[in-house]
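J.:
Residue numbers (the numbering used here), protein chains in the order written: chain A, 807 to 1135; chain B, 807 to 1135.
(1) Quick check on residue 895 (chain A): does DSSP put it in helix, strand or coil?
(2) Can you tell me which residues form a DSSP beta bridge with residue 874 (chain B)?
(3) Mind listing the chain B neighbours of residue 1005 (chain A)? Cutoff is C-beta to C-beta under 8 Å, in chain order.
(4) Tell me which residue opens and which closes the beta strand (DSSP E) that residue 985 (chain A) is part of.
(5) What ranges does the beta strand (DSSP E) occupy inside the segment 895 to 946 of chain B, keeping only unbroken runs of at least 3 residues that lie completely in it?
(6) Run through chain A and tell me which residues come within less than 8 Å of residue 904 (chain B), C-beta to C-beta.
(7) Beta-carbon within less than 6 Å of residue 1093 (chain A)'s beta-carbon, same chain only, minus the 5 sequence neighbours each way: which residues are those?
(8) Spell out whether any CB of chain B is found under 8 Å from the CB atom of residue 992 (chain A).
(9) Closest Cβ-Cβ distance between residue 936 (chain B) and chain A: below 8 Å?
(10) Considering just the uninterrupted stretch of the beta strand (DSSP E) at residue 1116 (chain B), what are its terminal residues?
(11) Any beta carbon of chain A sitting closer than 8 Å to that of residue 987 (chain B)?
(12) Return the first residue and the last residue of the alpha helix (DSSP H) that residue 979 (chain B) is part of.
(13) Which of the residues in the segment 1088 to 1102 of chain A, read from start to end, lie with their CB under 9 Å from any CB of chain B?
(14) Please tell me whether residue 1003 (chain A) and residue 1117 (chain A) are closer than 8 Å, where the distance is taken between their beta carbons.
(15) My understanding is that residue 876 (chain B) touches residue 838 (chain B), with C-beta atoms under 8 Å, so please give their C-beta distance in whole angstroms.
(16) Cβ of residue 1100 (chain A) within 8 Å of Cβ of residue 1063 (chain A)?
(17) Would you verify that the beta carbon of residue 1132 (chain B) is, or is not, closer than 8 Å to some beta carbon of chain A?
(18) Please say whether residue 995 (chain B) and residue 1040 (chain B) have beta carbons closer to each other than 8 Å?
(19) Figure out for me which residue from B:1088, B:1070, B:1065, B:1126 has the closest Cα to the Cα of residue 1159 (chain B).
(20) Thinking C-alpha only, which one of A:1023, A:927, A:915 is nearest residue 893 (chain A)?
(21) From residue 865 (chain A) to residue 817 (chain A), what does the alpha carbon distance come to, in whole angstroms?
(22) Taking 8 Å as the CB-CB cut-off, is residue 1000 (chain B) touching chain A?
(23) Please confirm if residue 811 (chain A) has its CB atom under 8 Å from at least one CB of chain B.
(24) With distances taken between CB atoms, is the gap from residue 937 (chain B) to residue 1017 (chain B) smaller than 8 Å?
(25) Of all Cβ atoms in chain B, is any one closer than 8 Å to the Cβ of residue 956 (chain A)?
(26) Buried or exposed: residue 843 (chain A), going by 16 or more other Cβ atoms within 10 Å of its Cβ?
(27) Whose CA, out of B:1061, B:1077, B:960, lies closest to the CA of residue 1087 (chain B)?
(28) Tell me whether residue 867 (chain A) sits in a helix, a strand or coil according to DSSP, three-state version.
(29) Examine chain A for any beta-carbon lying closer than 8 Å to the beta-carbon of residue 831 (chain B), and answer yes or no.
(30) Are at least three pairs of beta-carbons, each pair with one atom in the segment 895 to 910 of chain A and one in the segment 844 to 857 of chain A, less than 8 Å apart?
(31) Count the other C-beta atoms from every protein chain shown that fall within 10 angstroms of the C-beta of residue 939 (chain A), then say buried if there are 16 or more, exposed otherwise.
(32) Using a C-beta cutoff of 8 Å, does residue 1083 (chain A) count as contacting chain C?
(33) Find out if the Cβ-Cβ distance for the pair residue 857 (chain B), residue 812 (chain B) is shorter than 8 Å.
(34) Would a check of beta-carbon distances place residue 1018 (chain B) closer than 8 Å to chain A?
(35) In chain order, what residues of the same chain have a beta carbon less than 6 Å from the beta carbon of residue 1005 (chain B), not counting five sequence neighbours either side?
(36) Expressed to the nearest angstrom, what Euclidean distance is found between the alpha-carbon atoms of residue 1042 (chain A) and residue 1045 (chain B)?
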């Protein structure tokens, strides 16, 4: 396959390259596309030196797959040229996720949707991917009517600047120096920020609405109701989510645990009495979504659970490469 | 008043002393009672030197009020002697909270209960106090049927050792040294621990069940259903809680905000679009519970909100001193 990575020098772009190498993704030709900041700089990938090329409409000619790790405006700018070049655009931005002719895919859940594309396949939001894998097994037992979710999102979700900011604030704290906030609206070290993304008319942030809007599309549950609270936490790279879900048919705790354990991409780690539960540290730098604390919701007889997954990998890069693998097959 | 502080050298005991000084609590005589570890050591309080006295059954004679900042076993051990001495025991442990003849009091909510004591008044769990103040105004508009809550609990909840452990892990991280875990079951710096307290038969931890069990008693809502997930976060001293609540009568977002703003002990800070929201840092070392992100629950038409409050102060020490003030009045 001839593959271009759009945003190859960013946090997610670099992880996409790492994941492709790990999974032996078949690459005949590789282009590293970047913005003007990285253009002309070099990087080494699998022993070979590459030069970041500034993305332009002519960059995509002859490519089979373009993995998008750039922001919405960049994705929108280049989507027509990518389509015109006949490549498939697997895009991690939120620009096209809800478009009717764009499949939104978590390969463990709706792989069949990927093949219905008309040039663009969207990679879902990171919280949505992790939550979807965590509840995917339960959703196969009975449709999910509603979910209440509170997220605990790592700083990696804000890209490289988010990672730097936590690191710098912690180093400054240890030295007794002043802590400076630039990437986040206030200090993130030893703090929580209960707002991720712009606030919409109903008081929810865009990030919070993604779990409902994208979750409905991925799970094929157009009426699923989701009330989500997204919170940034001083953790480097795994996202965690506390979920209470209600299914149409009553599911027992044992049935839920069994469904999670059997679901591809999910791991049941649920023995809290013996301190066996998912944590961000345990689940960083790998591709599985860990689920624990599975119990009956005491308000409505649904299921409560806690899940963690690496935001950069399964929440972004790995999921996109898995979609590319569906196309190769 | 003749006041003894049981557990005076601990994190909460010291804060009780600080709060009494700040609020000019009328003290004629003060005893600093401790365990054998601190007994004989001295401390300075309001310019006067005190010696920690090892608590014994004879320590309480002549006292009017005993503020308990010790663990359950110590509270249970000395309660009979405190009662026999004719003092009122305002106890921060969970030993007596659910006893029928022990009032469980948040002064902003059920001050009248404090006067119905028979020697012991219990101070509620920290998450419960903070959540109760956050929802207290809404509960006055209509009884709460159910709450789904996910907590983000500071390390101060584990006492001084919890604070030390986060500090030591951060300092070790900054130096590139190994991080050691003693107070918590795993690393807390840059991590989350989704288990606080022992796990009970229904899979919830004791800490998680307190919000239902204690919340029912404080709010006089014996049928209120609560499903709570308690998570330790790498924050020093304010607890945060994401709450979704359902009232018997539909409450609008504006009504909810108005009720929160008017409720004593609560502050409405709710302009997320302009980055005005409660955070642990903002709410540390003060006595009010800050509430923001108030919006309609998209699953059931209830109310979703986010609240933060200092766990050592309103969540423990201040609430206990406020109860003592009710007795003085």
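Glycine included, C-beta positions come from ideal geometry on N, C-alpha and C.
T.: Let's see:
(1) Strand at residue 895 (chain A).
(2) As computed with DSSP, residue 874 (chain B) is found in a beta bridge with B:812, B:897.
(3) For residue 1005 (chain A), the C-beta contacts it makes with chain B under 8 Å involve 1078, 1079, in order along the chain.
(4) Premise fails: residue 985 (chain A) is in no beta strand (DSSP E) and is neither H nor E.
(5) Counting whole runs of 3 or more residues, the segment 895 to 946 of chain B contains the beta strand (DSSP E) stretches 926 to 928.
(6) Within chain A, not a single residue places a beta-carbon under 8 Å from that of residue 904 (chain B); the smallest gap is close to 17 Å.
(7) Correct list, in chain order: 1119, 1120, 1124.
(8) Yes, residue 992 (chain A) counts as interfacial toward chain B.
(9) Taking CB atoms only, residue 936 (chain B) has no neighbour in chain A less than 8 Å away.
(10) Taken as a continuous stretch (DSSP letters only), the beta strand (DSSP E) holding residue 1116 (chain B) covers 1109 to 1116.
(11) No, residue 987 (chain B) lies away from the interface with chain A (no Cβ there is under 8 Å from its Cβ).
(12) Start and end: 965 to 981.
(13) Result list: 1088, 1098, 1099, 1100, 1101, 1102.
(14) No, they are not a contact pair.
(15) With 8 Å as the limit, residue 876 (chain B) and residue 838 (chain B) do not qualify as a contact, their Cβ atoms being about 12 Å apart.
(16) Residue 1100 (chain A) is a Cβ neighbour of residue 1063 (chain A), given a cutoff of 8 Å.
(17) Judged by the 8 Å Cβ criterion, residue 1132 (chain B) is not in contact with chain A.
(18) Result yes, Cβ atoms of residue 1040 (chain B) and residue 995 (chain B) sit closer than 8 Å.
(19) Chain B is shown from 807 up to 1135; residue 1159 (chain B) falls before or after that span and cannot be answered.
(20) Shortest Cα-Cα distance from residue 893 (chain A) to any of A:1023, A:927, A:915 involves A:927.
(21) Each residue's Cα considered, the two are about 21 Å apart.
(22) Answer yes: the Cβ-Cβ gap between residue 1000 (chain B) and chain A drops below 8 Å somewhere.
(23) Contacts with chain B at 8 Å (Cβ-Cβ) do not include residue 811 (chain A).
(24) With a cutoff of 8 Å on beta-carbon distance, residue 937 (chain B) and residue 1017 (chain B) are scored as near each other.
(25) Yes, its Cβ sits closer than 8 Å to a Cβ of chain B.
(26) Exposed: under 16 other Cβ atoms inside 10 Å.
(27) For residue 1087 (chain B), the nearest C-alpha among the options comes from B:960.
(28) Correct three-state label for residue 867 (chain A): coil.
(29) Interface with chain A (8 Å Cβ-Cβ cutoff): residue 831 (chain B) is excluded.
(30) Touching, no.
(31) Buried: at least 16 other Cβ atoms inside 10 Å.
(32) Included in the structure are the protein chains A and B, with no chain C among them.
(33) Not a contact, by the Cβ cut-off of 8 Å.
(34) Yes, contact with chain A.
(35) Result list for residue 1005 (chain B): 1011, in chain order.
(36) Between the alpha carbons of residue 1042 (chain A) and residue 1045 (chain B) lies a gap of roughly 21 Å.
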